[in-house]
Amino acid sequence: MKPDLYSLPPFIKWLVLTLVCLLFFTLLIMLFHDFRKVYGEWSFHIAFANLMEKEFLKFLLIGFLAQVIDGALGMAYGVSAASFLMSFGVPPAITSACVHLAEVFTTGVSGLSHIRFGNIHRDLFKKLVIPGVAGAITGAYLLSSVDMKIIKPFVAIYLIFVGLLIIKKAYGIIKPESEIKNMALLGLAGGFIDSVGGGGWGPVVTSTLLGKGQHPRFAIGSVNLAEFFVALSSSSVFTIFMGIPDWNVILGLIAGGVIAAPFAAYLCKKINPKKLMIVVGLVIIGLSIRTLYLFFW
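Quick note: the sequence shown uses my numbering, first residue 13, plus one each step.
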């Protein structure tokens with residue numbers, strides 16, 4: 013009898029996934045990243061000094077806030093982190109690359125947790141994952157090739173739309189329907205938008221599924237598991253075409269997310285999700301408007 017992925021102990025799944033991710037990114041970094049191009053004569057001493065700068069602490073705070081939002085809502089890590097990073101002047105392509113590299117680890121653990129608790133609808137997952145990966149690869153490739161100054165206002169406008177979508181979901185304006193159609197198109201659009209905007213897979217795909225009447229448990233679980241493969245695909249394309257754009261941003265996001273994880277789980281029980289979603293939507297809209305203002309004026 014062949015071993016079933018769903019029957020393996022969660023620790024073994026986590027260990028195997030972690031080792032595969034580490035091997036995968038190690039190979040990509042060795043092949044496509046030139047440390048001297050970024051750091052000059054690179055050394056661990058120089059890298060450690062970079063981590064102690066105020067810039068790293070700023071990115072750690074962004075990772076912390078984004079994870080608190082995501083842990084309380086079950087979505088919006090990417091769009092929150094992207095909005096904060098772009099408001100601090102980080103270009104869209106670097107923003108998206110760094111966010112997705114950090115998300116590979118956070119979504120991997122999240123997906124395994126949903127497998128462990130039986131929150132995965134296999135047919136739903138299969139219908140979303142392949143189109144999602146295709147959309148993510150396409151979006152990452154285009155973003156890596158387009159002039160960053162040209163794409164920035166479009167990404168900001170998209171993030172305003174996502175902010176409005178989150179507020180709509182908070183007020184229940186999205187009405188449930190009985191039938192879910194065009195799942196492949198939803199996955200394709202979600203993956204593409206996620207790569208271009210630095211996030212959006214959860215707000216777009218999860219909100220649509222819930223609005224169409226999908227069971228919340230299986231919608232959130234299946235979308236979270238698919239998101240791991242979406243993040244892995246887009247971050248791979250970014251790594252191939254851009255290398256690792258900024259270690260401070262990536263490590264700051266990861267470190268902040270790890271620190272915030274237990275705190276976010278606690279807040280999930282204490283804070284009214286509707287109020288938090290409204291605040292998050294307004295913050296994303298406000299930061300995006302600020303990005304547009306700075307771009308044109």
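In this text, a Cβ means the ideal position worked out from N, Cα and C, and glycines have one as well.
Exposure of residue i, with buried meaning 16 or more beta-carbon neighbours within 10 Å
i                 : result
asparagine 236    : buried
tyrosine 183      : exposed
leucine 221       : buried
phenylalanine 129 : exposed
proline 228       : exposed
isoleucine 269    : One point to set straight first is that residue 269 is glycine, not isoleucine, in the sequence displayed. Under this definition glycine 269 is a buried residue.
glycine 101       : exposed
isoleucine 162    : exposed
valine 295        : buried
serine 157        : exposed
phenylalanine 166 : exposed
asparagine 131    : buried
lysine 286        : exposed
lysine 164        : buried
leucine 306       : exposed
leucine 4         : Residue 4 is absent from the model: the chain starts at 13 and stops at 309.
phenylalanine 241 : buried
phenylalanine 308 : exposed
N-terminal and C-terminal residue of the alpha helix (DSSP H) that residue i is part of
i                : result
isoleucine 256   : First-last for isoleucine 256: undefined, no H or E at that position.
proline 104      : 104-128
threonine 218    : Neither: threonine 218 is in no alpha helix (DSSP H) and is coded neither H nor E.
phenylalanine 96 : 89-99
Under the three-state DSSP convention, the category residue i falls into
i              : result
glycine 175    : helix
asparagine 284 : coil
asparagine 236 : helix
isoleucine 132 : coil
tryptophan 213 : helix
valine 158     : coil
glutamine 79   : helix
proline 15     : With a pLDDT of 44 at proline 15, under the threshold of 50, the modelled position of that residue is not reliable, and no figure is offered here.
glycine 184    : coil
lysine 138     : helix
lysine 70      : helix
lysine 164     : helix
glycine 298    : helix
Option in the options with minimal Cα separation from residue i
i              : options                        : result
leucine 288    : Ile81, Leu73, Ile74, Phe71     : Ile81
glutamate 239  : Tyr89, Lys286, Val295          : Tyr89
proline 215    : Ser247, Lys224, Gly120, Lys181 : Lys181
threonine 218  : Phe241, Ile178, Thr251         : Ile178
tryptophan 213 : Phe230, Lys224, Gly144         : Gly144
glutamate 67   : Ala78, Leu97, Leu200           : Leu97
serine 246     : Ala109, Leu72, Val91           : Ala109
leucine 72     : Ile271, Leu136, Thr303, Ala201 : Ile271
proline 103    : Ile301, Ala168, Val292, Ala243 : Ala168
tyrosine 153   : Lys224, Ser248, Gly298, His133 : Ser248
Residue-chain proximity (residue i, chain B), Cβ-Cβ < 8 Å
i             : result
histidine 227 : The structure shown contains no chain B, having only a single protein chain.
field: the region 256-268 / the region 107-123 touching (three or more Cβ pairs under 8 Å)
entry: With a cut-off of 8 Å, the region 107-123 and the region 256-268 count as touching, because enough Cβ pairs lie within range.
query: Does the pairing of the region 195-206 with the region 135-155 give three or more beta-carbon distances under 8 Å?
result: The region 195-206, when compared against the region 135-155, does touch it at the 8 Å Cβ threshold.
- request: Answer yes if the region 131-147 comes into contact with the region 250-260, meaning at least three C-beta pairs across the two stretches below 8 Å, and no otherwise.
  value: The region 250-260 is not in contact with the region 131-147.
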